[in-house]
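**Q** Those letters in the sequence shown? Residues 4 to 346, by my numbering.
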Amino acid sequence: MTRTLALLESPAQILNLLEWTHGDGTADPREVTAAVILPRAAAAREQLRAMAALARAEGLTVSLYSPRDGMRELARCGAVLSARVCRAATLVLGDPFSQLAQSLLPLSRARRVVVVDDGTATIEFVARLAGRRPLVRWHSTHRPPGRALRATRWLAAREPEVFTSLEVTAPEGVRLTVNTYAWAKARFGPPEVIDTVDLLGTSLVETGVVSREAYFEGVKRLVTGHGVTRYLAHRRESPDKLAALVASTGVEVVHPELPLELHARTGPTARTVISFPSTMVHTLPLMLAGTGVDVVIQEIGPEWLTADASEHAAGFLAEVTGSARVRHGLATVPPTPATGEPK
Numbered sequence: 004m005t006r007t008l009a010l011l012e013s014p015a016q017i018l019n020l021l022e023w024t025h026g027d028g029t030a031d032p033r034e035v036t037a038a039v040i041l042p043r044a045a046a047a048r049e050q051l052r053a054m055a056a057l058a059r060a061e062g063l064t065v066s067l068y069s070p071r072d073g074m075r076e077l078a079r080c081g082a083v084l085s086a087r088v089c090r091a092a093t094l095v096l097g098d099p100f101s102q103l104a105q106s107l108l109p110l111s112r113a114r115r116v117v118v119v120d121d122g123t124a125t126i127e128f129v130a131r132l133a134g135r136r137p138l139v140r141w142h143s144t145h146r147p148p149g150r151a152l153r154a155t156r157w158l159a160a161r162e163p164e165v166f167t168s169l170e171v172t173a174p175e176g177v178r179l180t181v182n183t184y185a186w187a188k189a190r191f192g193p194p195e196v197i198d199t200v201d202l203l204g205t206s207l208v209e210t211g212v213v214s215r216e217a218y219f220e221g222v223k224r225l226v227t228g229h230g231v232t233r234y235l236a237h238r239r240e241s242p243d244k245l246a247a248l249v250a251s252t253g254v255e256v257v258h259p260e261l262p263l264e265l266h267a268r269t270g271p272t273a274r275t276v277i278s279f280p281s282t283m284v285h286t287l288p289l290m291l292a293g294t295g296v297d298v299v300i301q302e303i304g305p306e307w308l309t310a311d312a313s314e315h316a317a318g319f320l321a322e323v324t325g326s327a328r329v330r331h332g333l334a335t336v337p338p339t340p341a342t343g344e345p346k
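1) Do LEU63 and THR123 have their beta-carbon atoms positioned less than 8 Å apart in this structure?
2) Using only CA atoms, which one of GLU76, PRO42, ARG71, ARG33 lies nearest to ALA58?
3) In this structure, does DSSP put ASP72 in helix, strand or coil?
4) Identify every run of the beta strand (DSSP E) within the region 113-160, keeping only runs that are complete inside it and at least 3 residues long; order them along the chain.
5) Applying the criterion that 16 or more other CB atoms from any shown protein chain within 10 Å of the CB defines a buried residue, is MET74 buried or exposed?
6) How is SER251 classed by DSSP in three states: helix, strand or coil?
7) By how many angstroms is the C-alpha of LEU107 removed from the C-alpha of ALA113?
8) Could you have a look at ALA45 and say whether DSSP puts it in helix, strand or coil?
9) Just tell me which of LEU169, LEU21, ALA30 has its CA closest to the CA of GLU350.
10) Restricting to Cα atoms, I'd like to know which of SER313, TYR234, LEU152, SER214 is closest to LEU263.
11) What residue does the alpha helix (DSSP H) around VAL200 start on, and which one ends it?
12) Between the C-alpha atoms of GLY304 and ARG224, what's the straight-line distance to the nearest angstrom?
13) Just list the alpha helix (DSSP H) runs in the region 262-326, keeping only unbroken ones of 4 residues or longer that don't cross its boundaries, in chain order.
14) Using a Cβ-Cβ cut-off of 6 Å (strictly less than) and excluding sequence neighbours within five positions of GLY176, which residues of its own chain qualify?
15) Measuring CA to CA, which of GLU302, THR167, ARG136 is closest to TRP157?
16) Please work out which residues of its chain come closer than 6 Å, Cβ to Cβ, to ALA173, disregarding the five sequence neighbours upstream and downstream, and give them in chain order.
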């Protein structure tokens with residue numbers, strides 16, 4: 004039986020698998036196999052390949068799969084992963100909302116199930132598990148498929164562990180383990196800090212939550228009013244949107260080769276880093292503690308949202324912002340240029 008199998012779909016999930024492996028007293032890196040699902044986007048694939056190489060250097064076995072490359076490849080990957088899931092004694096999930104992961108869960112005979120941090124999605128995962136609601140993403144506007152509810156029931160019955168850097172309340176039957184990023188902070192940095200302002204990009208436009216026009220206006224205000232010179236692109240941002248941002252704002256677009264937590268840790272890093280409501284407003288304060296870097300949140304108001312955004316979207320983004328302000332004491336930039344300064 005395979006000792007530990009991890010199903011992963013993002014660079015951050017690989018990072019958090021490494022943190023869990025090095026922080027868990029029972030996990031031997033040599034007995035951990037990571038099955039990494041590659042996306043279609045070239046930029047996202049490059050980050051995943053870079054993190055896969057880092058994981059291999061730490062002693063993990065890493066296999067890359069491309070089920071999105073056509074029906075034949077989907078069938079091949081499904082057959083291979085089904086067999087591996089059946090044999091795993093410990094199953095680690097990077098994305099419990101993943102359609103592929105949810106379809107594989109019924110095949111598992113794992114005695115131990117661990118969900119490693121996938122950023123703010125972890126907040127939604129814990130809430131949905133507690134309420135026994137279908138596991139669908141927070142920005143979804145579609146009717147939940149039956150698979151999503153079956154995944155909730157399957158996980159709830161196995162009392163999973165959640166390895167997270169976020170402050171969440173564990174529902175009954177769930178054990179929380181704190182992710183302090185001890186491995187990353189020991190392995191990388193501290194960074195060189197330079198007197199500039201960086202803005203972290205987001206895929207909220209691509210997911211249909213925020214309107215393109217409102218987003219562009221927000222970026223322009225940050226460039227002109229707050230001195231942003233570099234825009235660190237999210238791996239899921241579309242090339243045409245990034246090109247239009249450069250043309251309209253003059254900002255320099257940077258494509259990080261590693262997850263932003265590690266990119267910031269290796270440096271050089273701006274003294275002020277502005278982020279839209281996202282995982283970064285929770286993880287970067289932990290990763291950059293003691294370095295002199297200030298993390299600031301650009302708030303998103305209801306007027307930024309598209310007509311198709313879910314009713315849950317505004318509340319979720321506000322929760323991400325509010326919890327980061329309370330936990331880390333972060334300043335914010337209001338969604339409209341009423342004051343122009345962090346409050």
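Just so it is clear, CB atoms sit at the ideal spot from N, CA and C, and this is done for glycine as well.
No experiment lies behind these values; they were computed from the predicted model shown.
**A** Let me spell this out:
1) no
2) ARG33
3) Taken through DSSP and simplified to helix, strand or coil, ASP72 comes out as helix.
4) 115-119
5) exposed
6) helix
7) C-alpha separation (whole angstroms): 12 Å.
8) helix
9) Absent from the structure is residue 350, since the part of the chain shown begins at 4 and ends at 346.
10) TYR234
11) Here VAL200 belongs to no alpha helix (DSSP H); instead the beta strand (DSSP E) covers 196-203.
12) 15 Å
13) 263-269, 283-290
14) Excluding residues within five positions, the ones whose Cβ falls inside 6 Å are GLU162.
15) ARG136
16) LEU179
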